[in-house]
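Positions 81 to 158 (our numbering) are the ones given, in order, by the sequence shown.
Each residue gets a CB set at the ideal place from its N, CA and C atoms; glycine is no exception.
So the structure is just underneath, and the comments pick up after that.
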Amino acid sequence: MRCHYCRWGLGKHDPNCPVSVPDDSERRVRWDRGQSDGRRGQPSASDDPAYSLGYNQGVIALEEAENGFNPVHEGRQW
Numbered sequence: 081m082r083c084h085y086c087r088w089g090l091g092k093h094d095p096n097c098p099v100s101v102p103d104d105s106e107r108r109v110r111w112d113r114g115q116s117d118g119r120r121g122q123p124s125a126s127d128d129p130a131y132s133l134g135y136n137q138g139v140i141a142l143e144e145a146e147n148g149f150n151p152v153h154e155g156r157q158w
């Protein structure tokens with residue numbers, strides 16, 4: 081299985097991958113904030129890479145929800 085953020089496999093991640101950092105780290109907080117803003121349809125508030133990655137993921141989740149995609153029933157094919 082490969083991480084869809086950093087593309088590393090076998091359960092390993094790039095050191096800068098937001099999945100690999102602790103939940104309370106500043107980078108993870110910025111990523112979570114971006115994801116939340118994107119999911120709510122808010123305008124992007126930062127050019128920070130961690131924020132932008134989260135924001136883009138949030139926008140995709142919002143578009144999927146608006147188009148009727150339900151990951152519980154349809155699943156993801158990575």
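Classification of residue i by the beta-carbon crowding that lies within 10 angstroms, buried from 16 upward
i: leucine 90; result: exposed
i: proline 95; result: exposed
Check whether residue i and residue j have beta carbons under 9 Å apart
i: leucine 142; j: glycine 121; result: yes
i: arginine 110; j: aspartate 128; result: yes
i: aspartate 117; j: glycine 148; result: no
i: alanine 130; j: proline 102; result: no
Simplified DSSP state of residue i, which is helix, strand or coil
i: glycine 89; result: strand
i: glutamine 122; result: coil
i: glycine 114; result: helix
i: proline 95; result: coil
i: proline 102; result: coil
Bridge-paired residues (DSSP) for residue i
i: arginine 82; result: Gly89
Close Cβ partners of residue i (< 7 Å) along its chain, the five nearest in sequence each way excluded
i: aspartate 112; result: Gly134
Nonlocal neighbours in the same chain, by C-beta distance under 8 Å from residue i, ignoring five residues either side
i: tryptophan 158; result: With a pLDDT of 47 at tryptophan 158, under the threshold of 50, the modelled position of this residue cannot be trusted, and the question is left open.
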